[in-house]
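Residue numbers (the numbering used here): 6 to 323.
Only one structure is covered here, and it is reproduced in the block below.
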């Protein structure tokens with residue numbers, strides 16, 4: 006029986022050798038291992054799950070909108086603060102001194118960028134400036150609530166706490182500005198045609214409080230006036246302050262460039278054409294200097310001609 010058992014075993018082994026390679030693992034064993042490994046593999050390769058050897062990037066979970074909202078608000082506030090500080094700021098018009106160019110309640114946008122690059126106010130521009138010498142004395146002080154204060158601070162609402170004024174630049178450093186009678190207003194002796202002056206007003210005001218004047222603007226200062234000439238406490242009526250009615254250029258916040266609100270009042274604030282003429286103080290001086298050399302040359306030539314004629318006359322007689 007031992008032989009039969011051995012023979013049977015040997016025959017079985019032979020068939021196994023003929024059916025598959027000797028080194029191949031036993032099918033039963035293979036099935037068991039494969040089943041176990043397939044199940045594990047299925048678990049490892051579920052959607053959204055990467056195996057330890059996989060190179061595919063993991064899918065990131067999207068951040069909640071409510072978690073991102075505070076970050077977005079913070080970025081918006083920082084940008085608004087930067088824009089207000091360095092680029093553009095909104096201001097509200099509190100009075101009628103600039104009618105009809107600007108009406109009370111208008112909102113204007115002021116360019117604060119160009120002064121950072123050395124730009125200075127020019128004649129004809131409408132500018133916002135800090136109160137240089139208590140010009141606003143007696144004016145009611147605004148009492149903003151907390152929300153208005155915050156929105157003003159970040160530049161989303163016009164400033165309500167700063168003591169600022171808005172006027173038109175008439176003269177710059179070196180200019181001589183004068184008013185006689187009812188006008189016209191003159192800069193360095195040249196008359197201004199002022200269509201922007203409030204209808205019914207005269208360019209100059211006949212009174213003893215500053216309406217009649219002749220001033221020379223120092224370097225580094227500007228002379229400003231409101232377009233509503235008979236309703237504007239501007240440089241004319243503040244000549245008793247420490248700057249004699251002048252506004253230091255350093256106190257200028259920027260140039261008003263756009264009427265932004267209300268919508269039906271939207272528009273730009275360009276420099277009027279009357280300021281396109283050559284108003285510089287140097288132009289009058291240069292004209293006088295250009296005439297002076299001609300007179301000197303003529304005065305120098307006359308004696309020379311007379312001297313030559315005297316010398317030629319005796320020669321001809323000889």
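Glycine included, every Cβ here is placed at the ideal spot set by N, Cα and C.
Just so you know, these numbers come straight off a predicted model, no measurement behind them.
Go ahead and label residue i buried or exposed: buried means 16 or more other beta carbons lie within 10 angstroms of its beta carbon, across all protein chains shown.
| i | result |
| --- | --- |
| residue 261 | buried |
| residue 271 | exposed |
| residue 172 | buried |
| residue 269 | exposed |
| residue 186 | exposed |
| residue 127 | exposed |
| residue 234 | buried |
| residue 74 | exposed |
| residue 228 | buried |
| residue 109 | exposed |
| residue 174 | buried |
| residue 220 | buried |
| residue 123 | exposed |
| residue 79 | exposed |
| residue 152 | exposed |
At a cut-off of 6 Å, is residue i close to the ligand FMN when judged by its beta-carbon and the heavy atoms of the ligand?
| i | result |
| --- | --- |
| residue 120 | Looking at this structure, you won't find the ligand FMN or any other ligand, since it has none at all. |
Among the candidates the options, whose CA atom is the shortest distance from the CA of residue i?
| i | options | result |
| --- | --- | --- |
| residue 236 | 190, 100, 134 and 181 | 100 |
| residue 133 | 116, 200 and 139 | 116 |
| residue 224 | 186, 267, 178 and 155 | 178 |
| residue 107 | 286, 283 and 265 | 265 |
| residue 247 | 138, 238, 202 and 219 | 138 |
| residue 96 | 181, 135 and 213 | 135 |
| residue 204 | 129, 102 and 69 | 102 |
| residue 254 | 152, 176 and 71 | 176 |
| residue 196 | 113, 257, 280 and 69 | 280 |
| residue 141 | 188, 238 and 256 | 238 |
| residue 256 | 189, 125 and 114 | 125 |
| residue 258 | 79, 131 and 72 | 131 |
| residue 206 | 287, 215 and 189 | 189 |
Could you please give the first and the last residue of the uninterrupted beta strand (DSSP E) stretch that includes residue i?
| i | result |
| --- | --- |
| residue 116 | 112 to 116 |
| residue 170 | 169 to 177 |
| residue 259 | 257 to 266 |
| residue 226 | 226 to 230 |
| residue 218 | 218 to 221 |
| residue 135 | 131 to 135 |
| residue 97 | 93 to 97 |
When you compare only the Cα positions, how much space is there between residue i and residue j?
| i | j | result |
| --- | --- | --- |
| residue 283 | residue 209 | 21 Å |
| residue 277 | residue 77 | 42 Å |
| residue 339 | residue 84 | Outside the shown range of the chain, which is 6 to 323, sits residue 339, and nothing can be said about it. |
| residue 267 | residue 111 | 6 Å |
| residue 212 | residue 240 | 15 Å |
| residue 244 | residue 81 | 44 Å |
| residue 104 | residue 232 | 6 Å |
| residue 226 | residue 242 | 16 Å |
| residue 199 | residue 121 | 30 Å |
| residue 193 | residue 143 | 34 Å |
| residue 118 | residue 275 | 17 Å |
| residue 296 | residue 180 | Low local confidence applies: a pLDDT of 40 at residue 296 is under 50, so the model's placement there is unreliable, and no value is given. |
| residue 41 | residue 72 | With a pLDDT of 41 at residue 41, under the threshold of 50, the modelled position of that residue is not reliable, and the figure given next carries that caveat. Distance between the alpha carbons of residue 41 and residue 72: 43 Å. |
| residue 113 | residue 92 | 14 Å |
| residue 263 | residue 217 | 32 Å |
| residue 69 | residue 154 | 32 Å |
| residue 230 | residue 170 | 11 Å |
| residue 340 | residue 182 | What is shown of the chain runs 6 to 323, which leaves residue 340 out entirely. |
| residue 201 | residue 129 | 10 Å |
7 Å is my cut-off, CB to CB: does residue i come that close to chain B?
| i | result |
| --- | --- |
| residue 184 | Any reference to chain B falls outside this structure, which holds one protein chain only. |
So within the region 181 to 211, which uninterrupted beta strand (DSSP E) runs reach at least 3 residues, ignoring any that extend past its ends?
181 to 184
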